[in-house]
Every structure is written in structure tokens, then in C-alpha cells.
Ligand SMILES: [Zn+2]
């Protein structure tokens, strides 16, 4: 019938149209995807290692010197905090001081983070989220899951650092205290509440051995000091805090900053009394330099 013939022609034409539309849609989708990839590639980079280092050192500085190598990355983080109305524009200056740390803490709390997760140090998840559409994050630091070393809990980054120090020393180290231990030892005033922190048992070590252990710990990226009973209400031990561990408690962050500034990591902020290791390196810097 003529009618059905027309209908058949119409249907065929319709099919062609749909096929044409479908081809266009796939092509457009590919264009969009290519555009998104290109946009991602075009985003500036935030070096997470540099930002965390600045966030440890800058709040402890008496002056307003910038942490070398951190300015461009810190500025991108500060601009993002400013645009979230968490940081006044006059503090967008590349200096990750106490005001920027407080702003970052507010940002972490706005994400629902509490306690250690709102410690003011940019962690991987919060930093990547802050950079959405603005910057990409390079040199990502990961403390890793919590594991046991003897009776004590540390994260896997700290565990690897301890293993490397033992390899350098040809000596097994025993812990007196681990990390993530809030209120576990009142003499540590909160330094062991977070990650990256251990006390090394020094029983039976000569004073020269204690110093060589502290030196090895420093070489692999700890701020480490031999502590005597004269310094505080504690037995002889070596206190070590892993530089750039993003789980550090605020008190331990301060010790890292003080270490970079040549101090002893105690409340009196006296000059560093430990074996000098220069340059000071984080674990990641140590691995790259090895
Ligand atoms: Zn300690």
C-alpha cells in the first residue's frame, strides 16, 4: 500500500536522523572529556611536601621569612582558603603562619573533621578537595595505616623510617612509646597524641651510642633528641617526631618547626643539643637523595 510505503520511507529517514544525532552526541562527549583532561593538565600544582613543611616551620618563626620552595604552593592554598571566606586576603602571602594554620583548621572542621584530622596540617584528602578545579596536588604524603611495632602503634611511614634507621645503625631499636597515644604519657604533653612520634628505649646504651642513634633517626627524617632525666620528669630516652607526617599532633608539629629553627623541641626553646645533620631532610627527601 502506498500509505505504508510512505511510512517506511519516513521511518528510514527517522533512523538516519537518530543515528546522526547519536554520532554527534558521542563526538561531543569525547570533546568534553578531552576538554576536562586538558583543563586538569592546565591547573597549577601544589607541592604537598612543601606546603606541609611550611605549615610546620612558619608558625614557629619569630620573623616572617618564607620557607624556601613553598611560596607558590602556599599561595594557591591560601587563595583557596580566602575564596572560602576562611582567610583574610591580607594573609594570602605565601607564609603558612598561625593565621593560615587556624584557617586550615577551620576548613578541616567545615569538612566534618575533628581532633587529629583538624590539626591544621594539610592532609591528602582535604588538600585534594580544596584544589578541586583550582590546583592539582603533587608530592602527596601518606602516613599509611596503623601497625604495631612491638607493643606500640605507629603508622607505616614511621615504621619504614625506623626500619631504615635500624639498617643504618646495624642495631635493633626498641620502643618505649608509640604514636596515636593520647594521654598515654602525661610527661609527653600531647606530643604522642598523633602520628609520626616514638620514644626509643636507650637502656644499656653508652652516651656515644645514644647520640649515634639520634643521628641515624635524624638522617632518615625524624626530629630526634636524646632526653635525660634532668630535662623533664622522664627516664633517659630518645624522642623522635617524623618530619612532614600529616598526622602529627599540634605539639609535635611545633617540635618539627623548632628543629628546623635550631632549637631543642622543649618548652624552653633552648638551642638544639643534638647531633647536627645537614641538610635536614624529610623521609621523602631522604629516599630521593639516597
Ligand atoms: Zn616522646
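In my numbering, the protein residues as written are 501 to 790.
Where is the CB? At the ideal position from N, CA and C, for every residue including glycine.
Being a predicted model, the structure only gives us computed values, none of them experimental.
Residue i and residue j closer than 9 Å at C-beta
{"i": "residue 693", "j": "residue 749", "result": "yes"}
{"i": "residue 737", "j": "residue 701", "result": "yes"}
{"i": "residue 757", "j": "residue 622", "result": "no"}
{"i": "residue 649", "j": "residue 715", "result": "no"}
{"i": "residue 543", "j": "residue 651", "result": "no"}
{"i": "residue 775", "j": "residue 718", "result": "yes"}
{"i": "residue 564", "j": "residue 595", "result": "yes"}
{"i": "residue 741", "j": "residue 696", "result": "yes"}
{"i": "residue 569", "j": "residue 550", "result": "yes"}
{"i": "residue 679", "j": "residue 663", "result": "no"}
{"i": "residue 600", "j": "residue 611", "result": "no"}
{"i": "residue 751", "j": "residue 723", "result": "no"}
{"i": "residue 631", "j": "residue 576", "result": "yes"}
{"i": "residue 790", "j": "residue 743", "result": "no"}
For residue i, the first and last residue of its enclosing beta strand (DSSP E)
{"i": "residue 648", "result": "646-649"}
{"i": "residue 677", "result": "675-677"}
{"i": "residue 663", "result": "No beta strand (DSSP E) holds residue 663; the alpha helix (DSSP H) holding it covers 656-669."}
{"i": "residue 782", "result": "Looking at the DSSP string, residue 782 is not in any beta strand (DSSP E), and its letter there is neither H nor E."}
{"i": "residue 777", "result": "Taken as a continuous stretch (DSSP letters only), residue 777 belongs to no beta strand (DSSP E), as it is neither H nor E."}
{"i": "residue 546", "result": "545-547"}
{"i": "residue 571", "result": "Where residue 571 is concerned, there is no enclosing beta strand (DSSP E), although the alpha helix (DSSP H) it sits in stretches over 571-583."}
Contact set for residue i: own chain, Cβ-Cβ below 6 Å, skip 5 residues either direction
{"i": "residue 786", "result": "720, 721"}
{"i": "residue 699", "result": "676, 677, 737, 739"}
{"i": "residue 634", "result": "580"}
{"i": "residue 557", "result": "567, 757, 760"}
{"i": "residue 582", "result": "589, 592"}
{"i": "residue 640", "result": "548, 624"}
{"i": "residue 521", "result": "Model confidence at residue 521 stands at a pLDDT of 43, short of 50, so the residue's coordinates are unreliable; what they give is reported in the following sentence. Excluding positions up to five away in sequence, the list is empty."}
{"i": "residue 510", "result": "Annotation note: pLDDT 40 at residue 510 (below 50); position unreliable, no value reported."}
Close Cβ partners of residue i (< 7 Å) along its chain, the five nearest in sequence each way excluded
{"i": "residue 666", "result": "672, 673"}
{"i": "residue 710", "result": "702, 726, 738"}
{"i": "residue 571", "result": "594"}
{"i": "residue 508", "result": "Note that residue 508 scores a pLDDT of 40, beneath 50, so its modelled location is shaky and nothing firm can be said."}
Bridge partners - residue i, DSSP secondary structure assignment
{"i": "residue 738", "result": "700, 726"}
{"i": "residue 613", "result": "Residue 613 is not bridged to any residue."}
Contacting residues, own chain, Cβ-Cβ under 8 Å from residue i (five flanking each side not counted)
{"i": "residue 770", "result": "763, 764"}
{"i": "residue 645", "result": "655, 656"}
First and last residue of the uninterrupted alpha helix (DSSP H) at residue i
{"i": "residue 792", "result": "The structure shown has nothing for residue 792, since the chain only spans 501 to 790."}
{"i": "residue 637", "result": "Run containing residue 637: none in the alpha helix (DSSP H); it sits in the beta strand (DSSP E), 636-638."}
{"i": "residue 713", "result": "707-719"}
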